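With the working numbering, the residue at position 134 of the sequence shown is 950, and numbering never jumps.
We put the CB at the ideal spot given by N, CA and C, even for glycine.
These figures come from a predicted structure and were not determined experimentally.
For reference, the structure is listed below as structure tokens.
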Amino acid sequence: MKSKNTILVIVLLLICGVFYWFMGREGEGRHKNTGQQPFATTKLSTWQRLELSSPGKKPVTLVKKDDHWQVEGMAECKVKEEMVRQILTALKNLKLDSMVTSGKQKFTSYQVDEEKGIRVHGIAAGKPVGLVVGKVAADFLHTYVRLENDQRIFRINGLLGHLFAHDPADFCQQEDEISKGAKDGKNSHKFATDGEKTAKDDISKKSK
817 MKSKNTILVI
827 VLLLICGVFY
837 WFMGREGEGR
847 HKNTGQQPFA
857 TTKLSTWQRL
867 ELSSPGKKPV
877 TLVKKDDHWQ
887 VEGMAECKVK
897 EEMVRQILTA
907 LKNLKLDSMV
917 TSGKQKFTSY
927 QVDEEKGIRV
937 HGIAAGKPVG
947 LVVGKVAADF
957 LHTYVRLEND
967 QRIFRINGLL
977 GHLFAHDPAD
987 FCQQEDEISK
997 GAKDGKNSHK
1007 FATDGEKTAK
1017 DDISKKSK
């Protein structure tokens, strides 16, 4: 009787082992690790154009002229350069860790379609680049994305949608920010002038 129980336990353990091995293989197929970094070699300084299109938001087009970013169609807008830099840095650090699935028929389910996806397109080093940002994963730790003109859907670490979901006006500095910047510049100039005056006075006193 004891030997039968032992055999039964061994059989159950084997079944469990096969089951978990199979599930692991299946999971590996669902989330194939790639480690691809599509924008890693693109230097921030080489970006010349950036377009953002998000559901419920007005399309944004940013163009670089004389090393400064401008919002197309808004000549009076003084762009928040740091905000643009954060977006480009996020793209540069983007890593496609796991491929979930592929096929146009899956776009809607992961919200990487034209209707619900956040479209990010740009020109860097003279070449067009871009991706579509989809919905947040069920664990609230990952986001689904796909590259432009690519049917593969990837799961990436982090929540990135908020970085790209903006209206054109979001990139413009407010009047108080511009005034503060001008005031800081005047103060810096004043301190520098006062410093030069003090130094000249010291030299004059020593010469006497």
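Looking at C-alpha atoms only, which residue of the options is the closest neighbour of residue i?
i: Gly889; options: Arg962, Asp983, Ser918; result: Asp983
i: Val791; options: His978, Ala941, Gly942; result: Outside the displayed span of the chain (817 to 1024) sits residue 791, for which this structure offers no information.
i: Leu907; options: Trp885, Thr877, Lys859; result: Lys859
i: Ala941; options: Val900, Leu866, Gly851, Leu824; result: Leu866
i: Lys922; options: Val876, Ile939, Phe987, Asp966; result: Asp966
i: Ser914; options: His884, Gln864, Tyr960; result: Tyr960
i: Asp882; options: Gly933, Ala954, Trp863, Ile934; result: Trp863
i: His937; options: Ile826, Gln989, Pro875; result: Pro875
i: Gly851; options: Asn909, Arg935, Glu991, Glu930; result: Asn909
Can you name, in chain order, every residue of its own chain whose Cβ lies under 6 Å from the Cβ of residue i, other than the five neighbours on each side?
i: Lys911; result: Gln853
i: Thr917; result: Ile969
i: Leu830; result: none
i: Ile1029; result: There is no way to answer for residue 1029, as the model of the chain reaches only from 817 to 1024.
i: Ile939; result: Gln864, Arg865
What does the alpha-carbon distance come out to for the pair residue i and residue j?
i: Phe980; j: Gly919; result: 24 Å
i: His958; j: Leu976; result: 9 Å
i: Ile972; j: Leu824; result: 43 Å
i: Pro944; j: Lys880; result: 15 Å
i: Ser869; j: Val887; result: 14 Å
i: Thr857; j: Gly974; result: 21 Å
i: Met899; j: Ser925; result: 30 Å
i: Lys873; j: Ala985; result: 11 Å
i: Glu892; j: Phe956; result: 39 Å
i: Ala954; j: Glu897; result: 33 Å
What are the residues that DSSP puts in a beta bridge with residue i?
i: Glu867; result: Thr877, His937
i: Pro944; result: Ile939
i: Val916; result: Paired residue(s): none; Val916 is not in a bridge.
i: Asn973; result: His958
i: His982; result: Answer by DSSP bridge pairing: none, since His982 is not bridged.
i: Cys988; result: Val895
i: Val900; result: In DSSP, Val900 forms no bridge with anything.
i: Val949; result: Ile934, Val961
Starting from the C-beta of residue i, find all residues in its chain whose C-beta is less than 7 Å away, skip the five residues before and the five after it, and write them out in chain order.
i: Leu963; result: Pro854, Leu947
i: Asp929; result: Phe923
Leaving out five residues on either side along the sequence, give the residues of the same chain with a beta carbon under 8 Å from the beta carbon of residue i.
i: Gln927; result: Gly933, Gly950, Lys951, Tyr960
i: Ser861; result: none
i: Val895; result: Leu878, His884, Trp885, Gln886, Val887, Phe987, Cys988, Gln989
i: Arg901; result: Leu860
Using a C-beta cutoff of 8 Å, does residue i count as contacting chain B?
i: Val900; result: Given the protein chain composition of this structure (a single chain), no chain B is represented.
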